[in-house]
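Protein chains: 2
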Amino acid sequence: MEDSRVINALRLLQTADEIRARLAGEFSAVHGLSVNEFFLLMHLDNAPAKRLSRVELAKRMYVSASTVTRMVAPMEKLGMVDREADARDARLAFVVLSDAGRRKLGEARETFAKQAGYFFEDRWDEDDLTQLSQLLSRLVAGSASNLT
Amino acid sequence: MEDSRVINALRLLQTADEIRARLAGEFSAVHGLSVNEFFLLMHLDNAPAKRLSRVELAKRMYVSASTVTRMVAPMEKLGMVDREADARDARLAFVVLSDAGRRKLGEARETFAKQAGYFFEDRWDEDDLTQLSQLLSRLVAGSASNLT
DNA sequence: GCATAATACTTGCATATGCAAGTATATCGG
DNA sequence: CCGATATACTTGCATATGCAAGTATTATGC
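So the protein lines, in turn, are chains S and B.
Under the working numbering, the first residue of the first sequence is numbered 931, with each subsequent residue one higher.
Under the working numbering, the first residue of the second sequence is numbered 931, with each subsequent residue one higher.
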């Protein structure tokens, strides 16, 4: 295993799996939220009018359209998001971040920040963090998925 | 969003999602393998005697024990792995990499390398790759999950 | 030694997700 | 304008996964 691209891809995937596993437990216990639901809210909050179509969400989250449909249903019932039709195109069904969703996201963000802190704690200093941030920025820069 | 730990965690998760999505399509089409099945084989290949208990696999893959049980069943049927009991502890059921599994993994590794190459292509040079590798090595170093 | 606790694995049930097909609407070419 | 095609979303079905409970075996405390 000498190829640095392979090594980096493996390490990225494994690191992400570890972070995701930690987050899943915390989000579920503290907010009754899944990691993907958190990201859905993040994408909405990041969007111009706090709203996105389902296909846009699917692309940004790297999941299928049907997954978005089924994720949104319970979130809508709980009042975190609203459904909004488009005046010009009757096919579109926007998912809109509600006030309750915004509050929920605010709380979840704190948990995320805490976990992110724990994760890097004791292993990385500010210089490392800045270095990684700059490296990854080039990977996510072009992507519509970028949340940062 | 000023906390560099938060930014890095978000970018790591999103980057990994993108890589994983690409791999999933390729692995499924080319090898009839899921990304997690690939990692299971990688962990076995990485282990001292090409074998691990199910709980060890579960820990290293950040999945539940039941998931390992159910992942292994079809892989065993296809001959990629064998089941092996422990002489001292009758509870243990090792998963062993078979010759067929080793071949399969070899092919899948090539696909992985190709995809990893595409992913970093045009965006990163060797210096960047080395830098990231060094940064991530500290994150995965302590972990038993480390494949690199 | 033996009862209790811990560990390894499996299984029932519920949820999550993708793919393919179905429905509704919009766009395009003539 | 109209049929063919494309797009947005939903739904049926199959697979993947976690949690909790169940079974079998081993370790621990007395």
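Glycine included, every Cβ here is placed at the ideal spot set by N, Cα and C.
Under the three-state reduction of DSSP output, V1070 of chain B falls in the helix class. Per DSSP, reduced to three states, the secondary structure at D1012 of chain B is strand. Here the stretch 981-993 of chain S does not lie against the stretch 1029-1047 of chain S, with fewer than 3 beta-carbon pairs under 8 Å apart. With respect to Q1045 of chain S, L987 of chain S sits apart: the two C-beta atoms are not nearer than 8 Å. DSSP places V993 of chain S in the coil class of the three-state scheme, outside both helix and strand. From the listed residues S:R941, S:E948, S:P1004, S:G1031, the smallest Cα separation to D975 of chain S is found for S:G1031.
Cβ contact annotation for N966 of chain B (same chain, cutoff 6 Å, sequence separation greater than five): none. Within its own chain, the residues whose Cβ lies closer than 6 Å to the Cβ of V960 of chain B, once the five positions on either side in sequence are excluded, are T1041, listed in chain order. Residue burial is scored here from C-beta neighbours: A1020 of chain S has fewer than 16 other C-beta atoms within 10 angstroms and is therefore classed as exposed. No Cβ of chain S is located within less than 8 Å of the beta carbon of S958 of chain B.
For a Cβ distance threshold of 9 Å, residue set R1039, F1042, A1043, A1046, G1047, T1078 of chain S lies close to V936 of chain B, ordered along the chain. In the three-state reduction of the DSSP assignment, A979 of chain S falls in the coil class, being assigned neither a helical nor a strand state. Checking the DSSP bridge columns, you'll see V1026 of chain S partnered with S:R981, S:D1012. For L1066 of chain S, the closest of B:L1062, B:S1067, B:D1052, B:G955 by C-alpha to C-alpha distance is B:L1062. Closest by C-alpha distance to D1029 of chain S, out of S:K980, S:R1053, S:S1073, is S:K980. Boundaries of the alpha helix (DSSP H) harbouring R952 of chain S: 934-956, taken from the DSSP string. For chain B, the residues of the stretch 1055-1078 of chain S that bring a beta carbon within less than 8 Å of one of its beta carbons are E1056, D1058, L1059, T1060, Q1061, L1062, S1063, L1065, L1066, S1067, R1068, L1069, V1070, S1073, S1075, N1076, L1077, T1078, in chain order. Among the residues of the stretch 969-1000 of chain S, those with a Cβ less than 7 Å away from any Cβ of chain B are Y992, in the order of the chain. Collapsing the DSSP output to three states places N966 of chain B in a helix. The C-alpha of S958 of chain S lies about 29 Å from the C-alpha of D1055 of chain S. Taking 8 Å as the upper bound on Cβ-Cβ separation, chain B lies near residues A939, L940, R941, L942, L943, Q944, T945, A946, D947, E948, I949, R950, A951 of the stretch 939-953 of chain S. Apart from sequence neighbours up to five positions away, no residue of its chain approaches R1018 of chain S with a beta-carbon distance below 6 Å. The three-state secondary structure of T1060 of chain B, taken from DSSP, is helix. Apart from sequence neighbours up to five positions away, the residues of its chain that approach F1024 of chain S with a beta-carbon distance below 6 Å are R981, S983, E1014, ordered along the chain.
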